[in-house]
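If you read the sequences in order, they're chains A and B. First residue of the first sequence? That's 757 in the numbering used here, and the numbers climb one at a time after it. First residue of the second sequence? That's 8 in the numbering used here, and the numbers climb one at a time after it. C-beta: ideal position from N, C-alpha, C; glycine also. Since the structure is predicted, the reported quantities are computational estimates derived from the model, not experimental observations. Scroll down for the structure; my scribbles are underneath it.
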Amino acid sequence: MTIGGRTLALARLRGRRPAGRLHPAALAVVGLAALAAAVVLGVGAGSVALAPGDTLGILLRAAGLPLEQTWSAAAETIVLELRLPRVLTAVVVGGGLAVAGATFQGLLRNPLADPYVLGTASGAALGAAIAVLIPVRVALLDLGLLNALAFAGGLAAVAVVYRLGRGGPLAPLTGLLLTGYAVGSLLAAGLAMTMYLSGANLRQIFAFLLGGLEGSSWLRLAMTLPLVVGGSLAILARARALNGLLLGEEAAAHLGVDVRRERGILLGLATLVTAAAVAISGLIGFVGLVAPHLVRLAVGPNARHVLPLAAILGAVLLVCADLVARLLGEIPVGVVTAVIGAPFFLALLRTARGGYEL
Amino acid sequence: MTAARPALPDRHPSEAPPPAVMTAAATAAGPRAVAALDGVVVAYRDRVVLRGVDLAIAAGERVALVGPNGAGKSTLLRVLAGLVTPSSGTVTLGGDPVATLDRPAIARRLAAVPGQVTFPFSARVEEIVALGRLPHEDPFRGPRAADRAAVDAAIARVGIERLRGRDARELSLGERQLVLVALAVAQAAPLLVLDEPTVHLDLRHQVAVMELLADLNEQGGTTVLAVLHDLALARHFFPRLAVLDGGRIVADGPPDRVLSRERVRAVFGVDVALTGGPPGR
Chain A
757 MTIGGRTLAL ARLRGRRPAG RLHPAALAVV GLAALAAAVV LGVGAGSVAL
807 APGDTLGILL RAAGLPLEQT WSAAAETIVL ELRLPRVLTA VVVGGGLAVA
857 GATFQGLLRN PLADPYVLGT ASGAALGAAI AVLIPVRVAL LDLGLLNALA
907 FAGGLAAVAV VYRLGRGGPL APLTGLLLTG YAVGSLLAAG LAMTMYLSGA
957 NLRQIFAFLL GGLEGSSWLR LAMTLPLVVG GSLAILARAR ALNGLLLGEE
1007 AAAHLGVDVR RERGILLGLA TLVTAAAVAI SGLIGFVGLV APHLVRLAVG
1057 PNARHVLPLA AILGAVLLVC ADLVARLLGE IPVGVVTAVI GAPFFLALLR
1107 TARGGYEL
Chain B
8 MTAARPALPD RHPSEAPPPA VMTAAATAAG PRAVAALDGV VVAYRDRVVL
58 RGVDLAIAAG ERVALVGPNG AGKSTLLRVL AGLVTPSSGT VTLGGDPVAT
108 LDRPAIARRL AAVPGQVTFP FSARVEEIVA LGRLPHEDPF RGPRAADRAA
158 VDAAIARVGI ERLRGRDARE LSLGERQLVL VALAVAQAAP LLVLDEPTVH
208 LDLRHQVAVM ELLADLNEQG GTTVLAVLHD LALARHFFPR LAVLDGGRIV
258 ADGPPDRVLS RERVRAVFGV DVALTGGPPG R
């Protein structure tokens, strides 16, 4: 990382890149190593302490290595059925939120944008709250009504914002942002009303609003994973458009970007990724805001590098935040990310190199 | 920048350029035309901006588009780049109708220097210039060695090596303008289009940008079309001027013929005499 403009030896690896930037590939290797360590740590730590060797052994044996079982069957169940799906969910959700955040920031040319900026959060929250209010319990496979309505609510909110926000007299981006704000306020009112009516179920709604990964399971992960990974890869394939948009929509068009089309596609993909993540984890803030900024400081604004590295960093951040949340007795992980993320973001805003031009 | 170029060759229109080129250019609607507008009409809702514009630019020309505010100059550039669809008339780039070209194809034929640009994120000068290679980039593999070489060459051509590692947001407006020109040079399109490239610049930077354009045009063979407000700069650095007024080309040709006292009074509503001789340096 960079300290006061001076870079560590890592930055001086061969290869042509701007002075003061870290090598993206080297950073990816470091990031993946950190992610592997965080996953092992996340699986090993918890209310039941497991020896690190046993944790690693269970994971490697599950991965197909012919290891002899030297641990209890209970330990294996805890690792493989409880902790591993949860930690991997944190990887997928954290990575997805970071990719979506980077996409919204680039698309809206707004460093304060996060995955929820156009109403995904308010839509998902209202969906989840309505699900809590409905007395019928529906469960399809492993997904409850809450997950389904949160997913649908997130998508629907952005679809409404997109439809209302364009074609008006305002510049497209301003129109989208202001419409997002207006629709978000309306949905927030709906959410407040639902919470007022929810009575004894209020706690359930709060759990969604604050985010949490305790409901993770292999099946839920299996349903979210293709949406998040597929959406993220599709975004990465359009990195060129995001790069063009660095200079604004008109300049991007001159650089060969079909702005209107790319904006619609990227908006749809980022919303899909966000809604899929939110549907199984609730609203987890700051990961999608902070991870892309940190990565940009290290490697510059090229989306081709920012997107994958932000995904890795977002995954590491959320696995660690979830670990802290569990160690503190299952507090909502959204509280942890906010407590870590907000001061961190403030510090970021105060550094010269993180300065922004709005 | 200015120092890198030796003595300014006298570009006074009464001596240079050869008139043969001018007559060829004025009728260059044929296949040699890098860009051509033919009877182009553009209307935004109830407001007609261009009322039948004919303009053909041949390969290797350097044309300044002048005219009062609201004459439709920027709209003309946007029509040329396919960003505005005319309600009638045809626009061709490199001989093909713009309507049949996709955005990357247009970007490989026409490089535009954007007007004022803000950078939402910290970006180094060379990272900004590298954006000029987007229309040539493979969408999946990203920039190749040839792209990086083109970026280096553009930075050297514009003479901003000393800026390459700087954060683009710390630059002065003049330096930013040079960076944006370098971006368009890296784009390596046969036609370079600029919308008021000297706005906000001091005299030294204005001359630097003008000399750079002349150099790119004369040495590099790039065709240049620039919207200019400064008539003195236009007449000194451009062998061909087109005057747009009220959505129509009202004059087109060498500066001395185009910028008569009567026409300047009629088009701009001011009574000035543009005297000969190079502008003060």
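(message) As a quick exercise: from A:927, A:818, A:880 and A:790, pick the residue whose alpha carbon is nearest that of residue 912 of chain A.
(response) Of A:927, A:818, A:880 and A:790, the residue nearest in Cα terms is A:880.
(request) Give a yes or no on whether the C-beta atoms belonging to residue 847 of chain A and residue 785 of chain A are separated by under 9 Å. (result) No, they are not a contact pair.
(request) Could you please give the first and the last residue of the uninterrupted alpha helix (DSSP H) stretch that includes residue 101 of chain B? (result) For residue 101 of chain B, no alpha helix (DSSP H) encloses it, and the DSSP letter there is neither H nor E.
(request) For residue 1058 of chain A, go through chain B and note every residue whose CB falls closer than 7 Å to its CB, in chain order. (result) By Cβ distance, chain B contributes 134.
(request) Decide if residue 226 of chain B is buried, meaning its Cβ has at least 16 other Cβ atoms within 10 Å, or exposed. (result) When all chains shown are included, residue 226 of chain B counts as exposed.
(message) Could you check whether residue 120 of chain B and residue 201 of chain B sit closer than 9 Å to each other, using their CB atoms as the reference points?
(response) Going by beta carbons, residue 201 of chain B and residue 120 of chain B fall inside the 9 Å limit.
(request) For residue 797 of chain A, collect the residues of the same chain with a Cβ closer than 7 Å to its Cβ; drop the 5 residues on either side in sequence, then sort them by chain order. (result) Result list for residue 797 of chain A: 1079, in chain order.
(request) In angstroms with no decimal places, state the Cα-to-Cα distance between residue 84 of chain B and residue 206 of chain B. (result) Their Cα atoms are separated by approximately 17 Å.
(request) Take every Cβ of the stretch 1025-1033 of chain A, pair it with every Cβ of the stretch 867-874 of chain A, and state whether three or more of those distances are shorter than 8 Å. (result) Because the criterion of three Cβ pairs below 8 Å is met, the stretch 1025-1033 of chain A and the stretch 867-874 of chain A touch.
(request) Return helix, strand or coil for residue 229 of chain B, following the three-state DSSP convention. (result) DSSP places residue 229 of chain B in coil when its eight states are reduced to three.
(request) State the Cα-Cα distance for the pair residue 929 of chain A and residue 1005 of chain A, rounded to the nearest angstrom. (result) Cα to Cα, the separation comes out at about 9 Å.
(request) State yes or no: is the beta carbon of residue 107 of chain B nearer than 9 Å to at least one beta carbon in chain A? (result) Not an interface residue.
(request) Would you kindly work out how many angstroms separate the C-alpha atoms of residue 60 of chain B and residue 255 of chain B, rounded to a whole number? (result) Cα-Cα distance, rounded: 6 Å.
(request) Could you tell me whether the Cβ of residue 865 of chain A comes closer than 9 Å to any Cβ of chain B? (result) Against chain B, the CB of residue 865 of chain A has a partner CB under 9 Å away; the residue lies at that interface.
(request) Tell me, please, whether the CB atom of residue 194 of chain B is closer than 9 Å to any CB atom in chain A? (result) Yes - at least one Cβ of chain A is within 9 Å of the one on residue 194 of chain B.
(request) Note down, in chain order, each residue of its chain lying with its Cβ closer than 7 Å to the Cβ of residue 1100 of chain A, except the 5 sequence neighbours on either side. (result) Leaving aside the five residues that flank residue 1100 of chain A on each side, the residues in its chain whose CB is nearer than 7 Å to its CB run, in chain order, 1046.
(message) Let me confirm a value: residue 891 of chain A is counted as buried when at least 16 other C-beta atoms fall within 10 Å, else exposed. Which label applies?
(response) Exposed: under 16 other Cβ atoms inside 10 Å.
(request) Kindly indicate which three-state DSSP category residue 49 of chain B falls into: helix, strand or coil? (result) If DSSP states are grouped into helix, strand and coil, residue 49 of chain B belongs with the strands.
(request) Would you mind sorting residue 151 of chain B into buried or exposed? The rule is 16 or more other CB atoms within 10 Å of its CB. (result) Counting Cβ neighbours within 10 Å, residue 151 of chain B comes out exposed, since fewer than 16 surround it.
(request) Might you give, ordered along the chain, the residues of its own chain that have their beta carbon closer than 7 Å to the beta carbon of residue 886 of chain A, omitting 5 neighbours on each side? (result) In chain order, 905 and 950 place their CB closer than 7 Å to the CB of residue 886 of chain A, counting only its own chain and leaving out the 5 sequence neighbours on each side.
(message) Please report the distance separating the alpha-carbon of residue 1102 of chain A from that of residue 860 of chain A.
(response) Rounded to whole angstroms, residue 1102 of chain A to residue 860 of chain A spans 20 Å at the Cα level.
(request) Compare the Cα-Cα distances from residue 944 of chain A to each of A:909, A:960 and A:973 and report the closest residue. (result) Comparing Cα positions, the closest option is A:909.
(message) Between which two residues does the alpha helix (DSSP H) holding residue 821 of chain A run?
(response) Premise fails: residue 821 of chain A is in no alpha helix (DSSP H) and is neither H nor E.
(request) Over the uninterrupted alpha helix (DSSP H) stretch that includes residue 91 of chain B, give me the two end residues. (result) From DSSP, residue 91 of chain B is part of no alpha helix (DSSP H); its letter is neither H nor E.
(request) Could you work out which residues of chain A lie near residue 124 of chain B, taking near to mean beta carbons separated by less than 8 Å? (result) In chain order: 1003, 1004 and 1007.
(message) Between residue 1011 of chain A and chain B, is any beta-carbon pair separated by less than 9 Å?
(response) Under the 9 Å criterion on CB atoms, residue 1011 of chain A is classed as interfacial with respect to chain B.
(request) State yes or no: is the beta carbon of residue 162 of chain B nearer than 9 Å to at least one beta carbon in chain A? (result) Contact with chain A is absent for residue 162 of chain B, since none of that chain's Cβ atoms lies less than 9 Å from the residue's Cβ.
(request) Answer yes if the stretch 192-199 of chain B comes into contact with the stretch 46-60 of chain B, meaning at least three C-beta pairs across the two stretches below 8 Å, and no otherwise. (result) Counting Cβ pairs under 8 Å, fewer than three are found: no touch.
(message) Quick check: is the beta carbon of residue 993 of chain A nearer than 9 Å to any beta carbon in chain B?
(response) The beta carbon of residue 993 of chain A falls within 9 Å of a beta carbon belonging to chain B, placing the residue at that interface.
(request) With hydrogens ignored, establish whether the beta-carbon of residue 204 of chain B is closer than 8 Å to any heavy atom of the ligand GTP. (result) The ligand GTP is not part of the structure shown, which contains no ligands of any sort.
(request) Give the secondary structure of residue 277 of chain B by DSSP, where H, G and I count as helix, E and B as strand, and everything else as coil. (result) The answer is coil: DSSP assigns residue 277 of chain B none of H, G, I, E or B.
(message) Any beta carbon from chain A within less than 9 Å of residue 224 of chain B's own beta carbon?
(response) So no, residue 224 of chain B is outside the interface.
(request) Tell me whether residue 1013 of chain A sits in a helix, a strand or coil according to DSSP, three-state version. (result) Looking at residue 1013 of chain A - three-state DSSP - the assignment turns out to be coil, as it is neither helix nor strand.
(message) Check this for me: beta carbons of residue 244 of chain B and residue 69 of chain B, under 9 Å apart or not?
(response) Their beta carbons are under 9 Å apart, which means residue 244 of chain B touches residue 69 of chain B by this criterion.
(message) Considering Cα atoms alone, identify which of A:1008, A:985 and A:970 is closest to residue 122 of chain B.
(response) Closest by alpha carbon: A:1008.
(message) Does any residue of chain A have a CB that is nearer than 9 Å to the CB of residue 144 of chain B?
(response) So yes, residue 144 of chain B belongs to the interface.
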